[in-house]
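Here is the structure we will look at, set down as structure tokens.
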Amino acid sequence: MDVVLTLADRSNWRTMVRPQLKPEQQEFVSPPAWSLARCHVRLFSDEFEHLPHLIYASEQAVGYSTTACNPASEHDYWIDDIMIVAPHQGRGYGRAGVIETVSMIVRRYPRCRAVQLTCFRERHRREVVHEPGVRRDRSG
Ligand SMILES: CC(C)(COP(=O)(O)OP(=O)(O)OC[C@H]1O[C@@H](n2cnc3c(N)ncnc32)[C@H](O)[C@@H]1OP(=O)(O)O)[C@@H](O)C(=O)NCCC(=O)NCCS
72 MDVVLTLADR
82 SNWRTMVRPQ
92 LKPEQQEFVS
102 PPAWSLARCH
112 VRLFSDEFEH
122 LPHLIYASEQ
132 AVGYSTTACN
142 PASEHDYWID
152 DIMIVAPHQG
162 RGYGRAGVIE
172 TVSMIVRRYP
182 RCRAVQLTCF
192 RERHRREVVH
202 EPGVRRDRSG
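The sequence shown runs 72 to 211 under my numbering.
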């Protein structure tokens with residue numbers, strides 16, 4: 072499954088804030104406009120580079136991922152949100168989007184030794200993602 076990441080900018084940001092989830096999934100991630108705002112205000116801190124990317128498959132936007140990464144660190148590399156729009160779920164785009172996002176992080180930040188994923192916002196549960204597998208790490 073081939074997907075391509077494209078940085079969200081003034082030319083395409085409306086595409087990023089349009090996607091919708093199934094109602095039962097809406098507690099899992101921030102609304103897309105919030106994800107974009109978190110990048111804009113550098114929510115993690117000024118040490119982190121916050122990047123919003125659209126996920127494209129066959130030149131169609133199928134979702135997005137946002138990352139917050141501290142290039143000076145070895146382990147502070149976070150996939151803050153990842154989302155595949157409801158009609159395109161279940162076709163492998165989510166898995167491909169995670170792999171492409173991890174690959175982008177590894178290429179962009181030479182010091183990176185681990186990529187972490189925040190998920191289940193209401194439970195504050197976190198997982199550490201190691202390509203190609205996923206290791207459950209800490210919860211709190
Ligand atoms: C999670 C999400 C990104 C997966 O995208 P997707 O395109 O449907 O996933 P894929 O088709 O690539 O499936 C990948 C694997 O994840 C599994 N999976 C997908 N959604 C899942 C869910 N909600 N719970 C458990 N497993 C799930 C699939 O069964 C598949 O596993 P398999 O290959 O062993 O069958 C998408 O459902 C989504 O946007 N969900 C709402 C937002 C969210 O929860 N984001 C993650 C937290 S930041």
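Each residue gets a CB set at the ideal place from its N, CA and C atoms; glycine is no exception.
Do residue i and residue j have their C-beta atoms within less than 9 Å of each other?
i, j, result
"Val74", "Ala128", "yes"
"Asp80", "His121", "no"
"Leu76", "Glu171", "yes"
Near residue i, what residues of its chain come up, given a Cβ to Cβ distance below 7 Å and the 5 sequence neighbours on each side ignored?
i, result
"Tyr180", "Cys140, Pro142, Tyr148"
"Trp84", "Leu107"
"Arg184", "Glu145, His146"
Buried or exposed: residue i, going by 16 or more other Cβ atoms within 10 Å of its Cβ?
i, result
"His146", "exposed"
"Gly134", "buried"
"Val173", "buried"
"His111", "exposed"
"His195", "Note that His195 scores 46 on pLDDT, short of 50, meaning its location in the model is unreliable and no value can be drawn from it."
"Gly165", "buried"
"Met72", "exposed"
Nearest to residue i by alpha carbon, out of the options?
i, options, result
"Val156", "Ile176, Glu130, Pro103, Gln187", "Pro103"
"Met154", "Phe119, Ile176, Ser82, Ser101", "Ser101"
"Arg109", "Val88, Glu95, Leu92", "Val88"
"Thr137", "Pro94, Asp117, Met175, Glu98", "Met175"
"Ile126", "Phe115, Phe99, Gln160", "Gln160"
"Pro158", "Ser82, Gln187, Glu98, Ala132", "Ala132"
"Thr86", "Pro123, Thr189, Val186, Leu188", "Pro123"
Quick one: grab the DSSP three-state call for residue i.
i, result
"Glu130", "coil"
"Val88", "helix"
"Arg194", "Only weak support exists for where Arg194 lies, its pLDDT of 47 falling under 50; the value from the coordinates is given anyway. If DSSP states are grouped into helix, strand and coil, Arg194 belongs with the helices."
"His121", "strand"
"Met28", "No information on residue 28 is available, as it lies outside the stretch 72 to 211 that the chain covers here."
"Ala108", "helix"
"Val100", "coil"
"Tyr164", "helix"
"Ser116", "coil"
"Val169", "helix"
"Leu76", "strand"
"Ser136", "strand"
"Arg81", "coil"
Who are the near neighbours of residue i in its chain, counting only those whose CB is closer than 6 Å to its CB and skipping five residues on each side?
i, result
"Glu118", "Asn141"
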